[in-house]
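Engineer:
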Amino acid sequence: MQAMNYRGPFRVRIENKPTPEILHPNDAVVRVTRSCICGSDLHLYHGMVPDTRVGTTFGHEFIGVVEEIGPSVQNLKVGDQVLVPFNIACGQCAFCKQGLYGNCHESNSMATAVGGIFGYSHTAGGFDGGQAEYVRVPYADVGPTVIPEGMDHDDALLLTDVVPTGYQAAEMAGIKMGDTVVVFGAGPVGIMAAKCAWLFGAGRVIVIDHLEYRLEFVRSYAQCEAYNFKSLEDPVLFIKKTTDWFGADVCIDAVGSDACGSALHTITGKKLMLQAGAATALHWAVNAVKKGGIVSIVGVYGPTDNLVPIGNVVNKGITIRANQASVKRLLPRLIEHVQAGRLNPKEIITHRIPLEEVSDAYHIFSAKLDNCIKPVLITGKA
Amino acid sequence: MIAEQENYKHINGWGIDADPKNEPTYPIKNYTEDDHKRINWDRPVLQQPTVEVLHSNERPGYSAVIGETLPPSGLSGKLRRYAFQFSESSYGHWLPLLLADRINELEGIADDLRNGKIPNIMAERGWNAEWKYNRLGVMRKIAVGAVAVGVIAALCKLKKRS
């Protein structure tokens, strides 16, 4: 089969690989019909995630058709069209039983801090991802969800990660009616977090980024205010001023380790890799939120350390909430939102690129070419 | 609760201020008593590894399902094995893994050459897209590169003459 193949930082290509097989009685093999490149795939692409081995196939956002099932699979049958959450979750461990499907303890031997994730390095379990024609899906009875009849498959595709992650960012923020919510990052997750903040009763939503085309998009898509930090003298000071010198009620970091905006963070985090990426957005979030406010983090950081003003977290009494999205827990509610038209995820898709052109697709997304917001890869056998 | 109060009766006031509503993880976590049972849940059927799979030393063994892609090999594999002697809290774990990744990139190029394939690094880096959408940027990079090469060549020439 054809699959995306990582060759080193900023280098990927399409290559033939053996078609995956059933390795566990509760496995399924899914024929991928389309997949996305996620902003967090760029951390892998940029060589920032330890134990990303040459030859890995990325891709944790995908949908497809069940081709084969293991002997113990009961909830799926061959031919089902499924959306597959990015987290690999057993449904039985203490964490899954409590709804923490993003923190499963039975899906990743290689690290205890993170559950298994499709195509997200050996640090996240060493599973190949869905930027391929076929993919092995462990715990087929737990994660994969049959796409509801009538649902647009592009919407279903974005329910595998972007929508749940944006929604959970807003959920973790504990938004109260009328709160001012500041979202750092106007990538797909930031856009979705801004959109979802309204569902929790936000009174004002502000998005901060540096790419004009994304700010323009989020202004219209999420009906929010959007500002370019490059035109602000100091984004933290701006937020203080615009909240009557009080600070935002809630700040959401939807950027993670690839942030721009601070030379110190960029040099130490991204160039010299002395910290686990550039924590600029988190730094701003901590300093821009009010005393006693909440900072919600869904941006992805590496497993080592970051420069964060932790003293201000203590002095301001900030509550930090963070996690990988628990897709399975959120899906029923999010499917309702999509079906009711309250969320319209597919509108963020800007590029549809054949899997064969995966090298170009990654570069377009990484270099922000052609006003790219969300690229979808279409497989040849789709 | 009554049994627990019995266990801690030697501590004056044990549990007197416990507040079940003080649960900052809601609604992300549906708190049950399972945490206190530790890792003693009914495990799924265990996948038996058929290749070398490294596991964190912060767990007693493998997870029930295992990613069997790309077992460690070569010099990078040796470094990865070394790294897994250390906990996830240690730089001894992560720094060798990052170094292994960089070495693995060179191993990948060597593997390509061994298999008679010359990697098209420009294509792998998406330069087709760069040329299509950022032609001016490409020209600028070429111009800067040419100037840099010219300056170095001129300096070398001057050095030779002197």
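Residue numbers (the numbering used here), protein chains in the order written: chain R, 280 to 661; chain U, 7 to 168. Glycine included, every Cβ here is placed at the ideal spot set by N, Cα and C. Remember, it's a predicted structure, so these values are computed and weren't measured experimentally.
Taking only beta-carbon positions, decide if A129 of chain U is within less than 7 Å of chain R.
Structural biologist: By 1-based counting over the second sequence, the position of residue 129 of chain U is 123. By this cut-off, A129 of chain U is an interface position.
Engineer: Quick one, which of U:E12, U:D107, U:K138 has its alpha-carbon nearest P78 of chain U's?
Structural biologist: Start at 1 with the first residue of the second sequence, and residue 78 of chain U comes out as number 72. If we check each option's Cα against that of P78 of chain U, U:D107 comes out closest.
Engineer: How do the region 369-379 of chain R and the region 316-326 of chain R stand: do at least 3 beta-carbon pairs fall below 8 Å, yes or no?
Structural biologist: no
Engineer: Check the Cβ of H16 of chain U against every Cβ in chain R and list those closer than 7 Å, keeping chain order.
Structural biologist: Numbered from 1 along the second sequence, position 10 holds the residue referred to as residue 16 of chain U. Listed along chain R is no residue with a C-beta nearer than 7 Å to that of H16 of chain U; the closest approach is about 29 Å.
Engineer: Can you check whether the C-beta of V71 of chain U is within less than 7 Å of a C-beta belonging to chain R?
Structural biologist: Within the second sequence, numbered from 1, the residue matching residue 71 of chain U stands at position 65. Yes, its Cβ sits closer than 7 Å to a Cβ of chain R.
Engineer: Quick one: list the residues of chain R neighbouring N140 of chain U, beta-carbon separation under 8 Å, in chain order.
Structural biologist: Here residue 140 of chain U is taken as the residue at index 134 of the second sequence, counted from 1. Ordered by position in chain R, the residues that pass the 8 Å Cβ test against N140 of chain U are A646, L648.
Engineer: Identify, in the order they occur along the chain, each residue of the same chain with its Cβ nearer than 8 Å to the Cβ of E347 of chain R, setting aside the five sequence neighbours on each side.
Structural biologist: Along the first sequence, read from residue 1 onward, the residue named residue 347 of chain R stands at position 68. Answer for E347 of chain R: I301, A307, V308, V357, listed in chain order.
Engineer: Could you tell me which of R:A481, R:Q447, R:I531, R:G480 sits nearest to A465 of chain R, measuring between CA atoms?
Structural biologist: Here residue 465 of chain R corresponds to residue number 186 of the first sequence, with the count starting at 1. The residue with the shortest Cα to Cα distance from A465 of chain R is R:I531.
Engineer: Name the one or two DSSP bridge partners that A505 of chain R has.
Structural biologist: Within the first sequence, residue 505 of chain R is the residue found at index 226, counting from 1. DSSP, once it has assigned bridges, lists R:V486 as partnering A505 of chain R.
Engineer: Looking at H339 of chain R: is its Cβ nearer than 7 Å to the Cβ of G287 of chain R?
Structural biologist: Walking along the first sequence from the start, residue 339 of chain R turns up at place 60. Walking along the first sequence from the start, residue 287 of chain R turns up at place 8. Against a cut-off of 7 Å, the Cβ pair of G287 of chain R and H339 of chain R comes out as no contact.
Engineer: For A533 of chain R, return the contacting residues in chain U, with the cut-off set at a CB-CB distance below 7 Å.
Structural biologist: Taking the first sequence and counting its residues from 1, one reaches residue 533 of chain R at position 254. Chain U residues near A533 of chain R: none, gap ~17 Å exceeds 7 Å.
Engineer: For the pair the region 437-444 of chain R and the region 382-393 of chain R, tell me if three or more CB-CB distances fall below 8 Å.
Structural biologist: no
Engineer: Quick one: complete alpha helix (DSSP H) runs, 4+ long, within the region 90-121 of chain U?
Structural biologist: Taking only runs of at least 4 residues, the alpha helix (DSSP H) segments lying wholly in the region 90-121 of chain U are 97-120.
Engineer: Under DSSP, the beta strand (DSSP E) around F337 of chain R begins and ends at which residues?
Structural biologist: As a position in the first sequence, residue 337 of chain R is number 58, starting the count at 1. Looking at the DSSP string, F337 of chain R is not in any beta strand (DSSP E), and its letter there is neither H nor E.
Engineer: Leaving out five residues before and five after L362 of chain R in sequence, what residues of the same chain have Cβ atoms less than 6 Å from its Cβ?
Structural biologist: Within the first sequence, numbered from 1, the residue matching residue 362 of chain R stands at position 83. Apart from sequence neighbours up to five positions away, the residues of its chain that approach L362 of chain R with a beta-carbon distance below 6 Å are I342, T424, I426, A435, L438, T439, ordered along the chain.
Engineer: Roughly how many angstroms lie between the CA atoms of D584 of chain R and A604 of chain R, to the nearest whole one?
Structural biologist: The residue you call residue 584 of chain R lines up with position 305 of the first sequence. The residue you call residue 604 of chain R lines up with position 325 of the first sequence. Approximately 21 Å between the Cα atoms of the pair.
Engineer: Please classify D401 of chain R: is it buried, with 16 or more other beta-carbons within 10 angstroms of its beta-carbon, or exposed?
Structural biologist: Looking up residue 401 of chain R in the first sequence gives position 122. Here residue 401 of chain R turns out to be His, not Asp, going by the sequence shown. Counting Cβ neighbours within 10 Å, H401 of chain R comes out buried, since at least 16 surround it.
Engineer: Residues of chain U with CB closer than 7 Å to the CB of P588 of chain R, please, in chain order.
Structural biologist: Here the question's residue 588 of chain R lines up with position 309 in the first sequence. The premise fails here: P588 of chain R is roughly 21 Å from chain U at the closest Cβ pair, so nothing lies under 7 Å.
Engineer: When the Cα atoms are used, what is the spatial distance from P30 of chain U to H384 of chain R?
Structural biologist: Start at 1 with the first residue of the second sequence, and residue 30 of chain U comes out as number 24. Start at 1 with the first residue of the first sequence, and residue 384 of chain R comes out as number 105. Going by the C-alpha atoms only, they are around 22 Å apart.
Engineer: Can you round the beta-carbon distance between R600 of chain R and M451 of chain R to whole angstroms, since I take them to be within the 8 Å contact cut?
Structural biologist: Looking up residue 600 of chain R in the first sequence gives position 321. Looking up residue 451 of chain R in the first sequence gives position 172. Rounded, the Cβ-Cβ distance is 4 Å, consistent with contact.
Engineer: Under three-state DSSP, which class holds R313 of chain R?
Structural biologist: Sequence index remark: in the first sequence, residue 313 of chain R carries index 34 (1-based). Strand.
Engineer: What whole-angstrom Cβ distance do N284 of chain R and T331 of chain R have, given they're in contact under 8 Å?
Structural biologist: Translated into the one-based positions of the first sequence, residue 284 of chain R becomes position 5. Translated into the one-based positions of the first sequence, residue 331 of chain R becomes position 52. No, N284 of chain R and T331 of chain R are not in contact; Cβ-Cβ is about 12 Å, not under 8 Å.
Engineer: Interface residues of chain U around D639 of chain R at Cβ under 7 Å?
Structural biologist: Position 360 of the first sequence, counted from the first residue, corresponds to residue 639 of chain R. What D639 of chain R touches in chain U: G132, N134, A135.
Engineer: Go through its chain and collect everything with a Cβ distance to L105 of chain U's Cβ below 7 Å, but skip five positions before and after it.
Structural biologist: Within the second sequence, the letter at position 99 stands for residue 105 of chain U. So the qualifying residues of the chain are L85.
Engineer: Please confirm whether S62 of chain U has its beta-carbon closer than 7 Å to some beta-carbon of chain R.
Structural biologist: Reading the second sequence from its first residue, position 56 is the one you call residue 62 of chain U. Closer than 7 Å: yes.
Engineer: Taking Cβ-Cβ distances shorter than 7 Å, what residues in chain R pair up with K35 of chain U?
Structural biologist: The sequence position of residue 35 of chain U within the second sequence is 29, counting from 1. Ordered by position in chain R, the residues that pass the 7 Å Cβ test against K35 of chain U are Q377, G378, L379.
Engineer: For Q91 of chain U and chain R, any beta-carbon pair shorter than 7 Å?
Structural biologist: Translated into positions along the second sequence, residue 91 of chain U becomes position 85. Not a single CB atom of chain R sits nearer than 7 Å to the CB of Q91 of chain U.
Engineer: Name the chain R residues whose beta carbon is nearer than 8 Å to that of W20 of chain U?
Structural biologist: Translated into the one-based positions of the second sequence, residue 20 of chain U becomes position 14. By Cβ distance, chain R contributes nothing, its closest Cβ being about 25 Å from W20 of chain U, past 8 Å.
Engineer: If the cut is a Cβ gap below 8 Å, which residues of chain U does G405 of chain R touch?
Structural biologist: Position 126 of the first sequence holds residue 405 of chain R. V59, I72, G73, E74, T75, L76, listed in chain order.
Engineer: To which residues of the same chain is E130 of chain U closer than 8 Å at the C-beta, ignoring the five residues directly before and after it?
Structural biologist: Translated into the one-based positions of the second sequence, residue 130 of chain U becomes position 124. Scanning its chain for C-beta atoms nearer than 8 Å, with the 5 sequence neighbours on each side dropped, one finds no residue around E130 of chain U.
Engineer: Quick one: which chain R residues come within Cβ less than 7 Å of Y88 of chain U?
Structural biologist: In the second sequence, residue 88 of chain U corresponds to position 82, counting from 1. Scanning chain R for C-beta atoms nearer than 7 Å to the C-beta of Y88 of chain U yields nothing, as the closest lies near 13 Å away.
Engineer: Would you decide whether E512 of chain R is buried or exposed? Buried here means 16 or more other CB atoms lie within 10 Å of its CB.
Structural biologist: As a working mapping, residue 512 of chain R is identified with position 233 in the first sequence. Burial call: exposed.
Engineer: Considering only the alpha carbon of each residue, which of R:Y500, R:E635, R:P297, R:N387 lies closest to Y413 of chain R?
Structural biologist: Here residue 413 of chain R corresponds to residue number 134 of the first sequence, with the count starting at 1. The residue with the shortest Cα to Cα distance from Y413 of chain R is R:P297.
Engineer: Is G287 of chain R close to chain U, meaning its C-beta is less than 7 Å from at least one C-beta of that chain?
Structural biologist: The sequence position of residue 287 of chain R within the first sequence is 8, counting from 1. True, the Cβ-Cβ gap to chain U drops below 7 Å.
Engineer: For D649 of chain R and N134 of chain U, which I take to be in contact (beta-carbon distance under 8 Å), what is that distance rounded to the nearest angstrom?
Structural biologist: In the first sequence, residue 649 of chain R corresponds to position 370, counting from 1. In the second sequence, residue 134 of chain U corresponds to position 128, counting from 1. Rounded, the Cβ-Cβ distance is 13 Å, inconsistent with contact.
Engineer: Please list the terminal residues of the continuous alpha helix (DSSP H) segment that includes G143 of chain U.
Structural biologist: Reading the second sequence from its first residue, position 137 is the one you call residue 143 of chain U. It spans 141-167 - the alpha helix (DSSP H) in which G143 of chain U sits, taken as one unbroken run.
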